[in-house]
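Residue numbers (the numbering used here), protein chains in the order written: chain A, 39 to 152; chain B, 8 to 120.
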Amino acid sequence: EAQVTQNPRYLITVTGKKLTVTCSQNMNHEYMSWYRQDPGLGLRQIYYSMNVEVTDKGDVPEGYKVSRKEKRNFPLILESPSPNQTSLYFCASSLYPGRNTEAFFGQGTRLTVV
Amino acid sequence: DQQVKQNSPSLSVQEGRISILNCDYTNSMFDYFLWYKKYPAEGPTFLISISSIKDKNEDGRFTVFLNKSAKHLSLHIVPSQPGDSAVYFCAASPMEYGNKLVFGAGTILRVKS
Numbered sequence: 039e040a041q042v043t044q045n046p047r048y049l050i051t052v053t054g055k056k057l058t059v060t061c062s063q064n065m066n067h068e069y070m071s072w073y074r075q076d077p078g079l080g081l082r083q084i085y086y087s088m089n090v091e092v093t094d095k096g097d098v099p100e101g102y103k104v105s106r107k108e109k110r111n112f113p114l115i116l117e118s119p120s121p122n123q124t125s126l127y128f129c130a131s132s133l134y135p136g137r138n139t140e141a142f143f144g145q146g147t148r149l150t151v152v
Numbered sequence: 008d009q010q011v012k013q014n015s016p017s018l019s020v021q022e023g024r025i026s027i028l029n030c031d032y033t034n035s036m037f038d039y040f041l042w043y044k045k046y047p048a049e050g051p052t053f054l055i056s057i058s059s060i061k062d063k064n065e066d067g068r069f070t071v072f073l074n075k076s077a078k079h080l081s082l083h084i085v086p087s088q089p090g091d092s093a094v095y096f097c098a099a100s101p102m103e104y105g106n107k108l109v110f111g112a113g114t115i116l117r118v119k120s
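Structure follows, in structure tokens:
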């Protein structure tokens with residue numbers, strides 16, 4: 039089954055404790071991205087990757103890091119989480135970094151930073 | 008400043024009637040538009056899209072209309088079904104940024120049976 043898998047689905051952590059949210063896709067997609075969803079703001083792009091070893095900032099990259107060492111994986115790293123990073127996070131992938139291709143989303147990770 | 012706006016946070020419609028969800032955008036560089044549907048505890052799923060060279064695209068019960076001069080698009084669902092109850096996100100893609108998607112805040116659609 040074609041899918042984007044995120045882990046964990048739910049996470050509660052304390053301020054400053056490093057964490058990683060994993061994302062894996064099995065569709066051989068080149069383009070992957072991370073979004074956060076906040077009430078009244080919709081989904082905002084954090085980082086994206088056009089291919090292996092190619093990553094770039096989205097609209098709200100502060101406080102986040104990513105890596106793309108393999109095509110299928112695109113982890114999101116919070117080196118020192120803060121309460122304003124409490125949000126619902128989605129990983130997405132698309133077939134290629136071209137135009138007019140739909141994005142496939144993971145089920146989401148609800149992160150709470152206390 | 009939000010470039011894609013969905014001004015109605017929620018919409019309630021009777022089963023069998025038409026649902027119309029609206030979306031406005033401000034960036035003239037957007038040339039491809041998409042609608043995503045999201046159920047609770049799931050990720051968004053692609054619903055329908057339209058290129059700026061068209062003014063209408065239809066897929067079964069779903070039709071998207073694009074009015075470029077007004078920078079406005081709408082999603083029509085006819086007839087509405089209870090299973091259509093979800094959050095609907097409008098998204099736009101700027102021509103110079105490949106797969107980048109700019110999302111609206113979403114509209115919660117409730118279809119009453």
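Ideal Cβ positions, reconstructed from N, Cα and C, are used throughout, including at glycine.
Bear in mind the structure is a predicted one, so any value in this text is a computation, not a measurement.
| Item | Value |
| --- | --- |
| Residue nearest to B/T114 in terms of C-alpha spacing, selected from B/G23, B/Q88, B/Y46 | B/Y46 |
| Members of the stretch 47-71 of chain B near chain A, C-beta cut-off 8 Å | A48, E49, G50, P51, T52, F53, S56, S58 |
| Touch test, the stretch 28-36 of chain B against the stretch 80-97 of chain A, Cβ-Cβ under 8 Å, three pairs minimum | no |
| Amino acids of chain A, ordered along the chain, whose beta-carbon sits closer than 7 Å to that of B/F96 | G80, L81 |
| Residues bridged to A/Y30 (per DSSP) | Nothing in the structure corresponds to residue 30 of chain A, since chain A is present only between 39 and 152. |
| Minimum C-alpha distance to B/V85 - residue among B/Q13, B/R24, B/S76, B/Q9 | B/R24 |
| Residues in the stretch 111-133 of chain A having any Cβ partner in chain B nearer than 7 Å | F128, S132 |
| Extent of the continuous beta strand (DSSP E) to which A/R148 belongs | 147-151 |
| Proximity below 7 Å, CB of A/D76 to CB of A/S118 | no |
| The beta strand (DSSP E) enclosing B/T52, as first and last residue numbers | 52-58 |
| Chain B contact residues for A/G144, given Cβ-Cβ distances below 7 Å | G50 |
| Cβ separation of A/Y127 and A/I115, assumed to be a contact under 8 Å, to the nearest whole Å | A/Y127 to A/I115, Cβ: 12 Å. No contact. |
| Buried versus exposed, by CB contacts within 10 Å (16 or more), A/E106 | It is Arg, not Glu, that sits at residue 106 of chain A in the sequence shown. By the neighbour-count rule (16 or more Cβ atoms within 10 Å), A/R106 is buried. |
| B/P51 and A/F112 closer than 7 Å at C-beta | no |
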